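A.B. asks:
In this note's numbering, the protein residues as written are 12 to 505.
(1) If residue 40 and residue 433 are in contact, beta carbons under 8 Å, what's the gap, nearest whole angstrom?
(2) Thinking residue 262 and residue 70 are a contact (beta carbons under 8 Å), I'd like their distance in whole angstroms, please.
(3) Name the residue from 135, 123 and 445 whose alpha carbon lies nearest to the alpha carbon of residue 54.
(4) Please report the distance separating the alpha-carbon of residue 141 from that of residue 211.
(5) What separation, rounded to the nearest whole angstrom, lies between the Cα atoms of residue 255 and residue 466?
(6) What's the C-alpha gap between residue 36 and residue 74?
(7) Taking the alpha carbon of residue 182 as the point to measure from, which residue in 143, 196 and 209 has its own alpha carbon closest?
(8) How many whole angstroms separate the CB atoms of residue 101 and residue 484, which I take to be in contact at a CB cut-off of 8 Å?
(9) When we look at the beta-carbon of residue 125 and count the other beta-carbons within 10 Å, is it buried (16 or more) or exposed?
(10) Measuring CB atoms only, is the segment 50-65 touching the segment 295-312, in the sense that at least three cross pairs come out at less than 8 Å?
(11) Quick check on the burial criterion: 16 or more other C-beta atoms within 10 angstroms. Buried or exposed for residue 424?
(12) How long is the line joining the alpha carbons of residue 38 and residue 447, rounded to whole angstroms?
(13) Using 8 Å as the threshold, is the segment 203-222 in touch with the segment 105-116, meaning 3 or more CB pairs across them?
(14) Rounded to whole angstroms, what's the CA-CA distance from residue 478 to residue 252? Just pull it up for me.
(15) Assign residue 121 to buried or exposed, taking buried as 16 or more other Cβ atoms, counted over all protein chains shown, within 10 Å of its Cβ.
(16) Where residue 274 and residue 45 are concerned, what is the direct C-alpha to C-alpha distance, given to the nearest angstrom?
(17) Tell me whether residue 47 is buried or exposed, calling it buried when 16 or more other Cβ atoms sit within 10 Å of its Cβ.
(18) What number of angstroms, rounded off, separates the C-alpha of residue 287 from the C-alpha of residue 80?
(19) Any idea if residue 42 is buried or exposed, counting beta-carbon neighbours within 10 angstroms, 16 or more meaning buried?
(20) Quick check on this structure: which residue in 443, 239, 85 and 453 has the alpha carbon closest to the alpha carbon of residue 489?
(21) Give me the Cβ distance between residue 270 and residue 498, rounded to the nearest whole Å; I'm assuming they're in contact under 8 Å.
(22) Buried or exposed, going by whether 16 or more other CB atoms sit within 10 Å of the CB of residue 462?
(23) What's the call for residue 107, buried or exposed, on a 16-neighbour Cβ count within 10 Å?
(24) Label residue 213 either buried or exposed according to how many other C-beta atoms from any shown protein chain fall within 10 Å of its C-beta, with 16 as the threshold for buried.
(25) Excluding the 5 residues flanking residue 203 on each side, which residues of the same chain have their C-beta closer than 7 Å to its C-beta?
(26) Quick one: is residue 50 buried, meaning 16 or more other Cβ sit within 10 Å of its Cβ, or exposed?
(27) Near residue 117, what residues of its chain come up, given a Cβ to Cβ distance below 7 Å and the 5 sequence neighbours on each side ignored?
(28) For residue 91, which residues from the same chain have a beta carbon less than 8 Å from its beta carbon, with the 5 sequence-adjacent residues on both sides left out?
(29) What do you get for residue 97, buried or exposed, if any count of 16 or more other CB atoms within 10 angstroms of its CB means buried?
(30) Roughly how many angstroms separate the alpha carbons of residue 215 and residue 197, rounded to a whole number?
(31) Closest to residue 493 by C-alpha separation, out of 480, 313, 277 and 234, would be which residue?
(32) Measure from the alpha carbon of residue 475 to the alpha carbon of each residue in 315, 78 and 200, then state which is nearest.
(33) Between the alpha carbons of residue 62 and residue 301, how many angstroms are there, rounded?
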């Protein structure tokens with residue numbers, strides 16, 4: 012009787028311990044699955060954050076490009092204003108210098124021409140006086156003869172009339188001569204003034220041409236030197252710009268390749284996490300099926316022995332669709348297994364069978380055989396834990412053998428399987444953590460590269476401004492060359 016009570020108390024305690032172990036392992040599996048799910052969600056969120064950071068960096072790069080273009084435009088406008096102001100100053104200086112030279116030459120020419128004109132007038136007046144004296148001499152002789160004749164002939168009226176007529180003729184002829192002289196002098200003065208104007212115009216033209224030719228002769232070597240220096244500077248700046256552009260292209264290609272690699276890695280991690288989750292789900296389902304099969308086989312054994320079967324609880328995954336959100340994968344949760352609960356009739360029958368057939372004390376041969384059998388069963392259980400159960404069911408063993416097998420082999424195999432699953436889950440969790448660390452490192456590298464790209468874009472803005480200045484200098488050089496060519500042609504014509 013004491014042996015019967017001891018066996019009856021040990022069996023439910025062993026079943027309770029096995030159920031506790033199963034519950035603990037299932038809870039550990041559930042925690043591992045939740046941690047894996049959390050890791051996958053965090054990886055997805057991290058990928059979204061990286062994508063947002065990339066978008067923000069792209070927008071910042073676009074804004075920097077716009078700012079660089081606006082700055083380059085402002086610099087170009089400022090340089091154009093400076094060059095226009097310098098050109099206007101040079102033009103005003105040239106005009107003032109030319110005007111001063113023309114005024115000086117005009118004054119000198121006017122002085123020379125006025126002196127020559129006065130000399131010509133004096134010579135003409137002297138000639139006119141000589142001509143008038145020559146013409147007056149015969150008239151004076153006639154007047155003297157008339158006076159002599161009047162002195163000889165006393166009548167005064169005739170003499171007075173003759174003198175009056177002579178005076179009238181003299182004054183008339185003198186007035187005519189004066190009018191002719193005035194007309195001739197006026198015509199001569201007009202001709203001289205026209206000649207003076209023509210000479211002044213020709214002189215101004217020659218002065219302008221001389222000033223332009225002298226300026227050209229002075230500025231042509233300077234312009235050539237400036238053109239040579241500008242060409243050298245332009246070549247150097249073009250080489251620098253090409254080097255910087257090539258470096259920027261390489262960096263952009265590297266950024267694109269790194270972005271594509273990171274995106275591919277994130278996609279691979281997501282696929283791997285999904286595959287692992289589905290594999291774990293399939294493994295749990297397969298284990299659930301094996302537990303259900305074991306429960307069915309145990310029911311068959313109990314039905315053969317006679318009595319109501321105990322109620323087993325099995326761990327299974329439920330996809331609760333009530334709490335699911337649209338667009339999200341189904342949430343997986345593990346139900347805790349229920350403990351084995353036997354009905355009182357089954358317990359009474361088992362005790363009665365134990366009382367009818369008490370176990371014999373084991374001898375040395377039986378101990379060795381049992382050990383060998385245990386080793387064989389353990390070896391077989393590692394390969395397939397269901398084969399010994401099927402063999403014992405086919406042989407029709409007793410309930411004691413079934414209970415002892417479930418205690419030793421089934422619990423150990425289940426514990427080993429659950430331990431292996433737990434280790435696999437830990438490895439997967441460790442791999443996921445390492446992947447997340449790698450993603451963090453890649454994100455930091457991408458941020459550093461983006462900062463470097465911003466710095467290079469600032470350098471590119473300066474290079475663009477320099478290139479625009481070079482372009483303006485080239486345009487100015489072309490204009491100066493065209494002006495020099497025109498001046499050469501004018502010089503050749505002169």
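Even for Gly, the Cβ is constructed at its ideal location relative to N, Cα and C.
If you're wondering where the values come from, they're calculated on a predicted model, not measured in any experiment.
C.D. replies: Working from what's here:
(1) Residue numbering aside, residue 40 sits at position 29 when the chain shown is read from its first letter. Residue numbering aside, residue 433 sits at position 422 when the chain shown is read from its first letter. Between residue 433 and residue 40 the Cβ distance is about 7 Å, and since that is below 8 Å, they are a contact.
(2) In the chain shown, counting from the first residue as 1, residue 262 sits at position 251. In the chain shown, counting from the first residue as 1, residue 70 sits at position 59. Residue 70 and residue 262 do not touch by the CB rule: their CB atoms are close to 18 Å apart, not below 8 Å.
(3) In the chain shown, the residue the question calls residue 54 occupies position 43. For the residues 135, 123 and 445, the minimum Cα distance to residue 54 belongs to 445.
(4) Along the chain shown, read from residue 1 onward, the residue named residue 141 stands at position 130. Along the chain shown, read from residue 1 onward, the residue named residue 211 stands at position 200. Taking the straight line from one Cα to the other gives about 34 Å.
(5) Counted from its first residue, the chain shown places residue 255 at position 244. Counted from its first residue, the chain shown places residue 466 at position 455. Looking at the backbone, the Cα of residue 255 and that of residue 466 are separated by about 12 Å.
(6) As a working mapping, residue 36 is identified with position 25 in the chain shown. As a working mapping, residue 74 is identified with position 63 in the chain shown. Answer to the nearest angstrom: the Cα atoms are 56 Å apart.
(7) Here the question's residue 182 lines up with position 171 in the chain shown. The candidate whose alpha carbon is nearest that of residue 182 is 143.
(8) The residue labelled residue 101 in the question sits at position 90 within the chain shown. The residue labelled residue 484 in the question sits at position 473 within the chain shown. The Cβ separation is near 16 Å, so there is no contact.
(9) Position 114 of the chain shown holds residue 125. With fewer than 16 Cβ atoms within 10 Å of its Cβ, residue 125 is classed as exposed.
(10) Here the segment 50-65 makes no contact with the segment 295-312; the two share fewer than three CB pairs at distances below 8 Å.
(11) To locate residue 424, count along the chain shown from 1; it is residue 413. Buried is the call here.
(12) Here residue 38 refers to the residue found at position 27 of the chain shown. Here residue 447 refers to the residue found at position 436 of the chain shown. Between the alpha carbons of residue 38 and residue 447 lies a distance of about 25 Å.
(13) With the rule of 3 Cβ pairs closer than 8 Å, the segment 203-222 counts as touching the segment 105-116.
(14) Position 467 of the chain shown, counted from the start, is the residue given in the question as residue 478. Position 241 of the chain shown, counted from the start, is the residue given in the question as residue 252. Answer to the nearest angstrom: the Cα atoms are 8 Å apart.
(15) One-based indexing of the chain shown puts residue 121 at position 110. The residue is exposed, with fewer than 16 neighbouring Cβ atoms inside 10 Å.
(16) Counted from its first residue, the chain shown places residue 274 at position 263. Counted from its first residue, the chain shown places residue 45 at position 34. When rounded, the distance between both Cα atoms is 25 Å.
(17) Reading the chain shown from its first residue, position 36 is the one you call residue 47. Residue 47 is buried by the Cβ-count criterion.
(18) For the purposes of this step, residue 287 is taken as residue 276 along the chain shown, with counting starting at 1. For the purposes of this step, residue 80 is taken as residue 69 along the chain shown, with counting starting at 1. C-alpha of residue 287 to C-alpha of residue 80: approximately 51 Å in a straight line.
(19) For the purposes of this step, residue 42 is taken as residue 31 along the chain shown, with counting starting at 1. Answer is exposed; the Cβ neighbour count stays below 16.
(20) By 1-based counting over the chain shown, the position of residue 489 is 478. Looking at the Cα atoms, 239 is the closest of the given residues.
(21) Sequence index remark: in the chain shown, residue 270 carries index 259 (1-based). Sequence index remark: in the chain shown, residue 498 carries index 487 (1-based). No, residue 270 and residue 498 are not in contact; Cβ-Cβ is about 58 Å, not under 8 Å.
(22) Numbered from its first residue, the chain shown carries residue 462 at position 451. Residue 462 is exposed by the Cβ-count criterion.
(23) Sequence index remark: in the chain shown, residue 107 carries index 96 (1-based). Per the 10 Å Cβ criterion, exposed.
(24) On the chain shown, residue 213 is found 202 positions in, with the first residue counted as 1. That one is exposed.
(25) Taking the chain shown and counting its residues from 1, the one referred to as residue 203 is at position 192. So the qualifying residues of the chain are 128.
(26) Reading the chain shown from its first residue, position 39 is the one you call residue 50. When all chains shown are included, residue 50 counts as buried.
(27) Here the question's residue 117 lines up with position 106 in the chain shown. Excluding sequence neighbours, residue 117 sits near 211.
(28) Indexing the chain shown from 1 puts residue 91 at position 80. Scanning its chain for C-beta atoms nearer than 8 Å, with the 5 sequence neighbours on each side dropped, one finds around residue 91 the residues 483, in chain order.
(29) Taking the first residue of the chain shown as 1, we reach residue 97 at position 86. Exposed, since its Cβ has fewer than 16 Cβ neighbours within 10 Å.
(30) Locating residue 215 in the chain shown gives position 204, counting from the first residue. Locating residue 197 in the chain shown gives position 186, counting from the first residue. Distance between the alpha carbons of residue 215 and residue 197 is about 26 Å.
(31) Within the chain shown, residue 493 is the residue found at index 482, counting from 1. Closest by alpha carbon: 234.
(32) Residue numbering aside, residue 475 sits at position 464 when the chain shown is read from its first letter. For residue 475, the closest of 315, 78 and 200 by C-alpha to C-alpha distance is 78.
(33) The sequence position of residue 62 within the chain shown is 51, counting from 1. The sequence position of residue 301 within the chain shown is 290, counting from 1. Rounded to the nearest whole angstrom, the CA to CA distance from residue 62 to residue 301 is 44 Å.
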